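Colleague: There's a structure below that I have some questions on.
Numbering (the working numbering), first residue to last: 5 to 818.
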């Protein structure tokens, strides 16, 4: 959040009150190519030399998926993730012997039975991937300068004075200035500022130098060639033109860096990355002498999946239209390359402008909420954005029709979450919410940059500064917590340091010196930011953080149409995905407070609910609890009794009394004649399996009151690109006070069971149901006790909206 931990987004650079993230994080699909500045010698980031092989060949082995992962644990105290199943993997091998011009290295991939599945020659060390941010140049470009070229000149031939001159400073104006000036100075300050600068490309500018200095409160972005640099407050940037190519000192220094020397490399298709695999390497020199080594005991984990729904919502005002993550699947692709998972699915919901807001307590808001809102506060932020929208969409995909509005819970059995942009009108005016994540809910202000990585990270149960200094700060290769990222689509490394020149990376008095002059980065949960935003707009997790994230995902099930239960889950013992049964609650026990433990009050609760729960402790206690006599009316109802109080209570049941002391716990069930003691609590759940997987859905959400005292309300239909659909409820009989949802579709009427009692005494219940959009739902009604308590005519998504309701899947299906 804005406490310095979560968000490193851009500023309000055009003065409209909304930060403009597109300036700091331009969507640049042009990645660094094979040609960058050549040097006589290079600096290796990783100079480690270990042996991971069995056999004659001795070699150090690394893998790269979302990040570089060592094959062996050679650094004491280091925490690293393991391989993700079913994900494309780069293998890097560094033999003890330096490669000669005639050498070759072959890799075989063997399955758990020892059968060879792939045999390929590895690329020689000269083809190791380049680094994101290394300047792309033509093949014939040769840099013949020196680092002193980037020193500040003692004087300038031209300066750009004032706001008027800055406003005119486009590429044509730069060319005009350089006609008579070799050295130019551009200054920004409060009152004289420009959002972005674009340096012109021309060989006529060879030898020209330009200096940018900023004392402005706002950042500026300098674009040059395929690169960009951020001009922050109190910083100076120097660029020199060589044969038409603009360079900074950071550009030159970064092109001197390689991940390592003598690393051979080759990629393995995702389908071969499975538990039990091994690798065999054969090295041949120019004399055809061959040595072989095998990498055994490769730990491969679950083929995990992450599902993120996204929606842009305006509450009593128009939605912002600033949910940039939705605009291009490139954002999904980039984020996928920062997390250890096999598959990432991002769904898009149609934007919503709610012109009125019904709250769960029955208040209908027409113009504004009566409380004050803030980035982290506001009634609509909690009740509508987080609970109704995010949890509503999540629970609809779990087949849970009804939920408690006061408890922000869902099963979270799948790594599924809903990210929303929300803006609402409060008594203090329009307020943008953001900077919050956890339990399947993500509230975002900026969706590009570290706010996304950070708040989604909370949904992986990551905390602030995980692991302290040793877990939250990226480190050199010979220390703990070191890795680089890898973009498998472009075969480009992402260094764990920033391209810009910087100082130490510190946390709580411990500091890491820079690599060369490049400051090491921080974890998304520890104040991190993207290292090369024009290449990847999201933040690289440290190994410590990634390992925790991976363990979290391996505990989650995945939706699976191939499973007879509709779900699969990783079994760590067998190292396989197995069918898993998803169950949802169908019964609710009312809580008996001390003030309502008399027989009449308890009888009313038992009559309305599936049972009651009596649990007293110090500070919440009463002496007597009266349970009404067992009868045909309460047959199969349940009474749960627990006692944690230091004082004794008396339970009146079956015409007698039971003394309740601290630690007492019993379960009773009515058989119509007596309250029989049970050994185990009756099951209150039932299995739930989707009938449609990953289809466009119309999600219906709202509130209903089984007591018919508050005004039930169905919100406008939410149309999403991807979701799960569950069977309707076929009820042979209905109780007089039953509630249900009826949805009229082109194929007929569909009915979904709702709770017949309030889950919270003072609030309406929340409902959420997915309908397949192709069935053309046109009307929704809620019926309680035979009475229609809410109706909504449903609108289908507009043609314009349909074009934007995309589902982004990474990696892209072949």
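Note that CB positions come from ideal geometry on N, CA and C, so glycine has one too.
Note that the structure is predicted; figures quoted are calculated from it, not measured.
Considering residue 475, what are the terminal residues of the alpha helix (DSSP H) in which it resides?
Modeller: Per DSSP, residue 475 belongs to the alpha helix (DSSP H) from 472-476.
Colleague: Could you tell me how far apart the beta carbons of residue 506 and residue 518 are, in whole angstroms, since I believe they sit closer than 8 Å?
Modeller: 6 Å
Colleague: Assign residue 714 to one of three DSSP states: helix, strand, or coil.
Modeller: coil
Colleague: Counting only runs that start and end within the segment 95-144, where is the beta strand (DSSP E) found for 3 or more residues in a row?
Modeller: 108-114, 120-125
Colleague: Hey, how far is the Cα of residue 86 from the Cα of residue 268?
Modeller: When the Cα atoms are used, residue 86 and residue 268 turn out to be separated by approximately 21 Å.
Colleague: In the DSSP output, which residue or residues are listed as bridge partners for residue 251?
Modeller: 244
Colleague: Helix, strand or coil, according to DSSP, for residue 792 in the structure here?
Modeller: strand
Colleague: Compute the Euclidean distance between the alpha carbons of residue 203 and residue 544, then round it to the nearest angstrom.
Modeller: 29 Å
Colleague: Helix, strand or coil for residue 83 per DSSP?
Modeller: coil
Colleague: Near residue 233, which residues of its chain fall below 6 Å by C-beta distance, leaving aside the five closest residues on each side in sequence?
Modeller: 226, 241
Colleague: Thinking just about the alpha-carbon of each residue, which of 398, 677, 435, 422 is nearest to the one in residue 374?
Modeller: 435
Colleague: For residue 103, which of 215, 291, 773, 255 has the nearest alpha-carbon?
Modeller: 291
Colleague: Taking the alpha carbon of residue 110 as the point to measure from, which residue in 500, 744, 126 has its own alpha carbon closest?
Modeller: Taking only the C-alpha atoms, the option nearest residue 110 is 126.
Colleague: So what's residue 425 in DSSP terms, helix, strand or just coil?
Modeller: strand
Colleague: For residue 248 versus residue 206, is the C-beta spacing smaller than 7 Å?
Modeller: yes
Colleague: Which one of 555, 99, 570 has the shortest CA to CA distance from residue 562?
Modeller: 570
Colleague: Mind checking which residues open and close the beta strand (DSSP E) that includes residue 339?
Modeller: Premise fails: residue 339 lies in the alpha helix (DSSP H), 333-340, not in any beta strand (DSSP E).
Colleague: Identify the residues that DSSP records as bridge partners of residue 228: which are they?
Modeller: In the DSSP output, where bridge partners are listed per residue, residue 228 has 231.
Colleague: Taking the C-alpha atoms as reference points, what is the distance between residue 331 and residue 323?
Modeller: 15 Å
Colleague: Residue 679: buried (16+ other C-beta within 10 angstroms of its C-beta) or exposed?
Modeller: buried
Colleague: What are the complete beta strand (DSSP E) segments, minimum 3 residues, inside the segment 475-510?
Modeller: Complete beta strand (DSSP E) runs here, min 3: 489-491, 496-498, 501-505.
Colleague: With distances taken from CA atoms, which of 796, 154, 139 is nearest residue 215?
Modeller: 154
Colleague: Which term fits residue 601, buried or exposed, when burial requires 16 or more other beta carbons within 10 angstroms of its beta carbon?
Modeller: Buried: at least 16 other Cβ atoms inside 10 Å.
Colleague: Within the chosen definition, does the segment 675-691 reach the segment 372-387 through at least 3 CB pairs nearer than 8 Å?
Modeller: Judged by pairs of C-beta atoms under 8 Å, the segment 675-691 does not touch the segment 372-387, as fewer than three such pairs exist.
Colleague: Does chain B have any CB closer than 7 Å to the CB of residue 470?
Modeller: This model lacks chain B altogether, as it is built from one protein chain only.
Colleague: Have a look at 478, 449, 423, 419 and flag the residue whose alpha-carbon is nearest the alpha-carbon of residue 465.
Modeller: 419
Colleague: How many Å lie between residue 447 and residue 739 at the Cα?
Modeller: 40 Å
Colleague: Residue 646 to residue 81, Cα distance in whole Å?
Modeller: 44 Å
Colleague: Which of the three DSSP states is assigned to residue 456 in this structure?
Modeller: helix
Colleague: Please state the DSSP three-state secondary structure of residue 666.
Modeller: coil
Colleague: Name the DSSP beta bridge partners of residue 368, please?
Modeller: 362
Colleague: Could you please give me the residues that DSSP links to residue 391 through a beta bridge?
Modeller: None, per the DSSP bridge assignment.
Colleague: Report yes if the C-beta distance between residue 786 and residue 747 is below 7 Å; otherwise report no.
Modeller: no
Colleague: List in chain order: all unbroken alpha helix (DSSP H) runs of 4+ residues lying wholly within the segment 703-778.
Modeller: Correct list: empty.
Colleague: Starting from residue 316 and walking both ways along the beta strand (DSSP E), at which residues does that stretch end?
Modeller: 309-319
Colleague: In the structure shown, what three-state DSSP assignment does residue 278 receive?
Modeller: When DSSP states are grouped into helix, strand and coil, residue 278 belongs to the coil group.
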